[in-house]
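As structure tokens, the structure follows; a few thoughts come after it.
There are 2 protein chains.
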Amino acid sequence: MSVSILDMSVSLDGYIADDDDYLGGDDGERLHTWADEAGASVQPSGPVRDFEAEWKAAGAVLAGRRTAELMDHWGGSHGGVPIFVPSHRPPPPAARWGYPLVTYVNDGIVSAMAQAKAAAGDRDVQVRGGLVAQQALEAGVLDEIQIHLIPVLLGRGRRLFDVLSSEIELEIVRVIDTPEATHVRYRVRR
Amino acid sequence: MSVSILDMSVSLDGYIADDDDYLGGDDGERLHTWADEAGASVQPSGPVRDFEAEWKAAGAVLAGRRTAELMDHWGGSHGGVPIFVPSHRPPPPAARWGYPLVTYVNDGIVSAMAQAKAAAGDRDVQVRGGLVAQQALEAGVLDEIQIHLIPVLLGRGRRLFDVLSSEIELEIVRVIDTPEATHVRYRVRR
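Quick note, the sequences are listed as chains A and B, same order.
So for the first sequence, the working numbering puts the first residue at 1; every next one is plus one.
So for the second sequence, the working numbering puts the first residue at 1001; every next one is plus one.
Following this line, the structure appears as structure tokens:
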């Protein structure tokens, strides 16, 4: 059965990036050095290898529009898998004409996730972008959250999630302890 | 050597309590059920027993004024150990006359921590209160942070730390994985 999952690196004080650019910037970069450091050796460390395998195992990607456009739709496909972008505005030209694997969905997050899961078959749907992840979470269509908790206090920046309409309980599925980060996988309780 | 440590339960989205009361309230209570649940059996689970032992091993407490007053100075001592409260205002009457183990320090957080460590001897100094913990952190006198990461998204509330003046690197010292929480102990890098 396909599982929708958000994979996110978070600072101990709950930030996913700096104020200006939730995909990068200096603070954003700090949150992603764990994969570089752990993967620096010719043979990446076990956990990083496992996470790379999980990322590559996705059968579809659900991406927020801002993320998709900032990443230029990953060149038209996300490692060969289709990309679904929920948006009420018309898709940009590149997505309309140049990217057959990119589908803009204008009837909401639930429909977009349903289409992504149908395309993914038995494989996972990777959710890309904090805002769309929150929409999926609050719409009840986000199944799991893989957090890489980074041992740093950024002190400022963009939150993992903005204010939520209600408290959401999680279940700890797996904890992997490395020097670079504490990797915790959660299942969203419904 | 005495170590100053902040012990805090935090939601996955970085909150330590609800907006109204950073010592409790509904959200705050949710963040502390892990000890109750894990300790509900006649024999508390190993981790909770260990944490209780660490809490009781403190040789002194450094408490924020708001926390100390809200808790009525824990009745005059924190499990028998002295309490130090950094504050530029005069101490309240109870602390002046009724609580010989409570010391108000009016010349800053660094002096208050020095006095607390002197009183603690070889034992730890437990830091109580998010605001004083941040002052200690930014003044360079907070040594370790014990986080109990709770599998819940509160969606709103008080942050672990308010905006910090600079990024602060941590070192992961210990990870304890339980169903109720992921317990991570950090050393503050200097």
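The C-beta atom is built at its ideal place from N, Cα and C for all residues, glycine as well.
Secondary-structure assignment with DSSP links Leu1153(B) through a beta bridge to Ile168(A). Residue contact with chain B for Val152(A): present (Cβ-Cβ distance below 8 Å to some residue of chain B). Proximity of Phe161(A) to chain B, defined by a Cβ-Cβ separation below 8 Å, is satisfied. Pro179(A) belongs to the set of residues whose beta carbon lies under 8 Å from a beta carbon in chain B.
Under DSSP, Ala58(A) shares a beta bridge with Asp124(A). Taking 8 Å as the upper bound for CB-CB distance, Val1173(B) and Glu1144(B) are in contact here, some 7 Å apart.
Apart from the 5 residues on each side of it in sequence, Leu142(A) sits with its Cβ closer than 7 Å to the Cβ of Ser4, Leu6, Val127, Ala133, Ala136, Val188 in its chain, given in chain order.
By the rule that beta-carbons nearer than 8 Å mark a contact, Gly155(A) touches chain B. Within the model, the alpha-carbon separation for Ser1087(B) versus Asp18(A) is close to 33 Å. For Ser166(A), the C-beta contacts it makes with chain B under 8 Å involve Gly1155, in order along the chain.
Note on geometry: alpha-carbon atoms of Gly129(A) and Tyr1186(B) lie some 28 Å from one another. From the listed residues Gly108(A), Val163(A), Gly59(A), Gly157(A), the smallest Cα separation to Arg1156(B) is found for Val163(A). Taking C-beta separations shorter than 8 Å and ignoring five residues to either side along the sequence, the partners of Asp13(A) in its chain run Leu153, Leu154, Gly155, following chain order. For Lys1056(B), the CB contacts under 8 Å within the same chain, skipping 5 residues up- and downstream, are Gly1079 in chain order. Chain-ordered listing is empty here: chain A has no CB closer than 7 Å to the CB of Tyr1104(B), the nearest sitting near 28 Å. If you draw a 10 Å sphere on the C-beta of Trp34(A), you find 16 or more other C-beta atoms in it, and that means buried. Annotated three-state conformation of Glu144(A) is strand, per DSSP. Thr1067(B) has a beta carbon lying at 8 Å or more from every beta carbon in chain A.
Arg1190(B) and Glu1029(B) have their C-alpha atoms roughly 33 Å apart. Per DSSP, the beta-bridge partners of Thr182(A) are Leu149(A), Asp177(A). For Val132(A), no beta strand (DSSP E) encloses it; the enclosing alpha helix (DSSP H) starts and ends at 130 to 138.
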